[in-house]
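Colleague: So that we are looking at the same thing, I have put the structure below in structure tokens.
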Amino acid sequence: MLGYIARRLLLMVPTIFGIIFISFVIVQFVPGGPVERAIAQLQGFDEGGGLGGGTGQIGAGATAHAGDISSHYRGAQGLDPKFIKELEKQYGFDKPAPERFWLLIKNYATFNLGESYFRNEPVLSLVKEKLPVSISLGLWMTTISYAISIPLGVRKAVKDGSRFDTWTSAVVIVGYAIPSFLFGVLLIVLFCGGSFWQIFPLRGLTSDDFADFSWPHKILDYLWHITLPVSALVLGSFATTTLLTKNSFLDEIKKAYVQTARMKGLTERRVLYGHVFRNAMLIVIAGFPGSFIFAFFTGSLLIERIYSLDGLGNLSYQSLIDRDYPVVLGTLYIFSLLGLLVNLVSDLTYTVIDPRIDFETRET
36 MLGYIARRLL LMVPTIFGII FISFVIVQFV PGGPVERAIA QLQGFDEGGG LGGGTGQIGA
96 GATAHAGDIS SHYRGAQGLD PKFIKELEKQ YGFDKPAPER FWLLIKNYAT FNLGESYFRN
156 EPVLSLVKEK LPVSISLGLW MTTISYAISI PLGVRKAVKD GSRFDTWTSA VVIVGYAIPS
216 FLFGVLLIVL FCGGSFWQIF PLRGLTSDDF ADFSWPHKIL DYLWHITLPV SALVLGSFAT
276 TTLLTKNSFL DEIKKAYVQT ARMKGLTERR VLYGHVFRNA MLIVIAGFPG SFIFAFFTGS
336 LLIERIYSLD GLGNLSYQSL IDRDYPVVLG TLYIFSLLGL LVNLVSDLTY TVIDPRIDFE
396 TRET
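So for the sequence shown, the working numbering puts the first residue at 36; every next one is plus one.
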């Protein structure tokens, strides 16, 4: 097992390198850039990084003559070329792209993710600051999803083909088909003071005077704010786990050992929960880390935007709009690294649940 873990950890290095390399190359061709953004702010307007001239042009501009350097940046006409040079140096674009990429890799190897262009704060500090919000959403969504999905999936398997199975399947499929962000908007319209009721807050994870509350009041205030975002995330997430649980149970129920247990006179409850449950839950429980990482990084992005929650998803989105490349690449690096580690944890979970599984003999 140690050999398998070592091989997986070693394979993470080229995988992470490839992800960062491809992302870095793509960034070079994205229209706009931090220099153009700074110029736009100086000129009195800000188009959120949508100005012409990609970062590939920025790299070329670093080697241009001072007299015509402003031609590489839209809106730079009339600005002192020396000032443009200073901007390039400030954002690190005074070096050619290969050198910048090499410096990036060396810094990432020591978890030095650089500093945000526009927030004047280290990227790692920003990630730590936003992490609790995203973790909170991910944990609530995954926990509630599994708490609903596993009992419902087991019940559907036991009642396979019944009216209960039919109508619950319809509800699950409809819930899965509705995008979480669309359901989140619907919840806002219904319960946040639109045309209907004003029951829940429109934005934020806590109230403005949260620090002055007593501990019981803080817990209630937090739950009050988190109800709608988590509800929007859970709607589509429990469908997959429910159907996976049902199908796993059905597959196990049809196996010979279940018939043998019944012939021995064991009660149906003992057969289902003493024999079938452990084997059927292998794939479901082992997928828990992956489900959490999906909710943590992917599922919550639009929900954080809709409900103005200051988490990692919102940070990544805003940084991409602002062309804040250290934050974009830094969060991508962390997401990719954690994703690969969670995949390894998911594989190892199989061996904890079922010791018969041995990854040591499997080709990586």
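All C-beta atoms, glycine included, are put in the ideal place defined by N, C-alpha and C.
I think residue 180 touches residue 272, with their Cβ atoms under 8 angstroms apart; what is that distance to the nearest whole Å?
Modeller: Confirmed, about 4 angstroms.
Colleague: In three-state DSSP terms, what is residue 157?
Modeller: Three-state DSSP puts residue 157 in a strand.
Colleague: To the nearest angstrom, report how far apart residue 316 and residue 283 are at their CA atoms.
Modeller: Answer to the nearest angstrom: the Cα atoms are 7 angstroms apart.
Colleague: Do the region 337 to 353 and the region 232 to 242 make contact, defined as three or more Cβ pairs closer than 8 angstroms?
Modeller: Contact holds: three or more Cβ-Cβ distances are below 8 angstroms.
Colleague: Buried or exposed: residue 359, going by 16 or more other Cβ atoms within 10 Å of its Cβ?
Modeller: By the neighbour-count rule (16 or more Cβ atoms within 10 Å), residue 359 is buried.
Colleague: Are there 16 or more other CB atoms within 10 angstroms of the CB of residue 349, so buried, or fewer, so exposed?
Modeller: When all chains shown are included, residue 349 counts as buried.
Colleague: Compare the Cα-Cα distances from residue 152 to each of 216, 353, 178 and report the closest residue.
Modeller: Among 216, 353, 178, the Cα nearest to that of residue 152 is on 353.
Colleague: Would you grab the beta carbon distance between residue 347 and residue 166 for me? Rounded to a whole angstrom, and I think it's under 8 angstroms.
Modeller: Residue 347 to residue 166, Cβ: 6 angstroms. Contact.
Colleague: When you compare only the Cα positions, how much space is there between residue 221 and residue 60?
Modeller: In a straight line, the C-alpha of residue 221 is about 39 angstroms away from that of residue 60.
Colleague: For residue 243, which residues of its own chain have a beta-carbon under 6 angstroms away from its beta-carbon, when the five flanking residues on both sides are left out?
Modeller: So the list is empty, once near-sequence residues are dropped.
Colleague: By DSSP, does residue 233 sit in helix, in strand, or in coil?
Modeller: Of the three classes helix, strand and coil, the one that applies to residue 233 here is strand, per DSSP.
Colleague: Note down, in chain order, each residue of its chain lying with its Cβ closer than 7 angstroms to the Cβ of residue 217, except the 5 sequence neighbours on either side.
Modeller: Here the set comprises nothing.
Colleague: Are residue 168 and residue 369 close, meaning C-beta to C-beta below 8 angstroms?
Modeller: Their beta carbons are not under 8 angstroms apart, which means residue 168 does not touch residue 369 by this criterion.
Colleague: Relative to the C-alpha of residue 186, which residue among 122, 278, 253 is closest?
Modeller: Answer by Cα proximity: 278.
Colleague: In whole angstroms, what is the alpha-carbon distance linking residue 276 and residue 210?
Modeller: About 13 angstroms.
Colleague: Secondary structure at residue 103, three-state DSSP: helix, strand or coil?
Modeller: Only weak support exists for where residue 103 lies, its pLDDT of 43 falling under 50; the value from the coordinates is given anyway. Looking at residue 103 - three-state DSSP - the assignment turns out to be coil, as it is neither helix nor strand.
Colleague: Under the rule that 16 or more other beta-carbon atoms within 10 Å means buried, what is residue 192, buried or exposed?
Modeller: Answer is buried; the Cβ neighbour count reaches 16.
Colleague: Start and end of the alpha helix (DSSP H) containing residue 273?
Modeller: Per DSSP, residue 273 belongs to the alpha helix (DSSP H) from 250 to 288.
Colleague: What's the gap between the Cα of residue 92 and the Cα of residue 136?
Modeller: Note that residue 92 has pLDDT 36, beneath the 50 cutoff, so the model's placement of it is unreliable and the number below is only indicative. Residue 92 and residue 136: Cα-Cα distance of roughly 16 angstroms.
Colleague: Answer yes or no: does any C-beta atom of chain D fall closer than 8 angstroms to that of residue 170?
Modeller: Looking at the structure shown, chain D is missing, and only one protein chain is on hand.
Colleague: Cβ of residue 128 within 8 angstroms of Cβ of residue 62?
Modeller: No; because the gap between Cβ atoms is not below 8 angstroms, this pair is not in contact.
Colleague: So, is residue 298 buried or exposed, given that buried needs 16 or more other C-beta atoms within 10 angstroms?
Modeller: Answer is exposed; the Cβ neighbour count stays below 16.
Colleague: What whole-angstrom Cβ distance do residue 365 and residue 149 have, given they're in contact under 8 angstroms?
Modeller: Their Cβ separation, rounded to whole angstroms, is 6 angstroms, which keeps residue 365 and residue 149 in contact under 8 angstroms.
Colleague: With a threshold of 16 other CB atoms inside 10 Å of the CB of residue 42, please say whether the residue is buried or exposed.
Modeller: Classification of residue 42: exposed, given that the 10 Å Cβ count is below 16.
Colleague: Near residue 256, what residues of its chain come up, given a Cβ to Cβ distance below 7 angstroms and the 5 sequence neighbours on each side ignored?
Modeller: Hits under 7 angstroms: 241, 242, 245, 248.
Colleague: Using only CA atoms, which one of 377, 58, 234, 292 lies nearest to residue 12?
Modeller: There is simply no residue 12 to check, as the chain begins at 36 and stops at 399 in what is shown.
Colleague: Looking only at DSSP bridge pairs, what is residue 150 linked to?
Modeller: Its beta-bridge partners are 157.
Colleague: So the alpha helix (DSSP H) residue 39 belongs to, where does it begin and stop?
Modeller: 37 to 62 is the span of the alpha helix (DSSP H), which, as asked, contains residue 39.
Colleague: Going by the CB atoms, is the gap between residue 177 and residue 326 shorter than 8 angstroms?
Modeller: Contact flag set, yes.
Colleague: At the level of alpha carbons, what is the spacing between residue 351 and residue 157?
Modeller: Cα-Cα distance, rounded: 14 angstroms.
Colleague: Any idea if residue 49 is buried or exposed, counting beta-carbon neighbours within 10 angstroms, 16 or more meaning buried?
Modeller: By the 10 Å Cβ count, residue 49 comes out exposed.
Colleague: Apart from the five residues on each side of it in sequence, which residues of its chain come closer than 8 angstroms, Cβ to Cβ, to residue 308?
Modeller: Within the same chain, residue 308 has no close Cβ partners at all.
Colleague: Closest to residue 146 by C-alpha separation, out of 38, 367, 117, 39, would be which residue?
Modeller: With distances taken between Cα atoms, residue 146 lies closest to 367.
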